[in-house]
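The next block holds one structure in the form of C-alpha cells; read it before the comments.
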Amino acid sequence: MSLKAQITEDMKTAMRAKETARLGVIRLLLAAIKQREVDERIELDDAAVITAIEKMLKQRRDSIAAYEGADRQDLADQEKFEVTVLQGYLPAQMSEEEINAIIAKVVADTGAAGAKDMGKVVGAVKPLVAGKADMAKVSGLIKLALG
Numbered sequence: 440m441s442l443k444a445q446i447t448e449d450m451k452t453a454m455r456a457k458e459t460a461r462l463g464v465i466r467l468l469l470a471a472i473k474q475r476e477v478d479e480r481i482e483l484d485d486a487a488v489i490t491a492i493e494k495m496l497k498q499r500r501d502s503i504a505a506y507e508g509a510d511r512q513d514l515a516d517q518e519k520f521e522v523t524v525l526q527g528y529l530p531a532q533m534s535e536e537e538i539n540a541i542i543a544k545v546v547a548d549t550g551a552a553g554a555k556d557m558g559k560v561v562g563a564v565k566p567l568v569a570g571k572a573d574m575a576k577v578s579g580l581i582k583l584a585l586g
C-alpha cells in the first residue's frame with residue numbers, strides 16, 4: 440500500500456472513530472498532497488509525499504517556536520499534536536551514529552576538506568537520509584565533521 444493510500448485509510452478510520460483533531464491534521468496533509476499534484480500535474484510517489492510531510496513538519500516546528508515565544512502555549516500544544524500525527528507517516532528516523540557514519544563516508548568519497556565543501560557534502564548526504572533524518576540536524580553534524 441502506498442503512503443498516500445495509507446493516509447487516506449487513516450482519514451477514514453479517524454472519521455469512523457470521531458477523532459476530530461487527528462482527522463483535521465490528516466485532511467490538511469491530504470490537501471497539501473492534492474495541491475502539489477494539481478499544481479505539478481503529476482501523481483506523487485512515496486518520496487514526494489514524504490517531502491510534503493517534511494515541509495509541513497518544518498512549518499509546524501517554526502510555529503511552535505513562535506507561539507512559545509509569544510507565550511501562547513495553547514496554540515503551541517496544538518502544533519505539537521500535529522507534529523506527532525505527521526511524524527507517524529515518516530519512516531523510522533536514523534540515529535546520530537548512523538548519520539555520522541554516512542557523513543564520514545561521503546566526506547571520504549568526495550575528499551571534502553573544510554567548510555567550503557559543505558554544499559558538496561550536503562548534496563551527497565541529502566538523498567541518503569531523505570525522510571529518515573531532520574536535515575537541520577544533519578547540516579549541523581556535517582558542519583562538525585568538516586570543522
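The opening residue of the sequence shown carries number 440 in the numbering used here; numbering runs sequentially from there.
For glycine and all other residues, C-beta sits at the position ideal for the given N, C-alpha and C.
Since this is a predicted model, take the numbers as computed values, not measurements.
Check your understanding: By how many angstroms is the C-alpha of Ile472 removed from the C-alpha of Lys565?
Key -> Working through the sequence shown from its first residue, we reach residue 565 at position 126. Working through the sequence shown from its first residue, we reach residue 472 at position 33. If I take the Cα positions, the gap works out to 22 angstroms.
Review point. Is the distance from the Cβ of Arg500 to the Cβ of Val522 below 8 angstroms?
Key: Reading the sequence shown from its first residue, position 61 is the one you call residue 500. Reading the sequence shown from its first residue, position 83 is the one you call residue 522. Inclusion of Arg500 and Val522 in the CB contact set at 8 angstroms is warranted, their separation being smaller than that value.
Check your understanding: Can you tell me whether Arg455 is buried or exposed, with buried defined as 16 or more other CB within 10 angstroms of its CB?
Key -> Along the sequence shown, read from residue 1 onward, the residue named residue 455 stands at position 16. With fewer than 16 Cβ atoms within 10 Å of its Cβ, Arg455 is classed as exposed.
Review point. Per the contact definition of three or more C-beta pairs closer than 8 angstroms, is the region 499–518 in contact with the region 546–556?
Key: No, the region 546–556 is not in contact with the region 499–518.
Practice item. Go through its chain and collect everything with a Cβ distance to Ile581's Cβ below 7 angstroms, but skip five positions before and after it. Key: Working through the sequence shown from its first residue, we reach residue 581 at position 142. Here Ile581 has Ile542, Met557, Val560, Val561, Val564 as same chain residues with Cβ atoms under 7 angstroms from its own Cβ, once five neighbours each way along the sequence are excluded.
Check your understanding: Residue range of the alpha helix (DSSP H) that Gly527 falls in?
Key -> Numbered from its first residue, the sequence shown carries residue 527 at position 88. Taken as a continuous stretch (DSSP letters only), Gly527 belongs to no alpha helix (DSSP H), as it is neither H nor E.
Check your understanding: Span of the alpha helix (DSSP H) holding Leu462?
Key -> Along the sequence shown, read from residue 1 onward, the residue named residue 462 stands at position 23. Looking at the DSSP string, the run of the alpha helix (DSSP H) that includes Leu462 is 459–479.
Check your understanding: Are the CB atoms of Ala487 and Gln532 nearer to each other than 8 angstroms?
Key -> In the sequence shown, the residue the question calls residue 487 occupies position 48. In the sequence shown, the residue the question calls residue 532 occupies position 93. It is not a contact, given that the beta carbons lie outside the stated cut-off.
Practice item. Would you kindly check if the distance between the Cβ of Arg475 and the Cβ of Ala491 is under 8 angstroms? Key: As a first step, residue 491 is located in the sequence shown; it is residue number 52 there, counting from the start. As a first step, residue 475 is located in the sequence shown; it is residue number 36 there, counting from the start. Yes, the pair counts as a contact, with Cβ atoms nearer than the cut-off.
Practice item. Please go through the same chain and pick out, in chain order, the residues whose beta-carbon is closer than 7 angstroms to the beta-carbon of Ser441, but skip the five residues on each side of it. Key: Reading the sequence shown from its first residue, position 2 is the one you call residue 441. For Ser441, where only same-chain residues beyond five positions count, the Cβ hits under 7 angstroms are Asp485.
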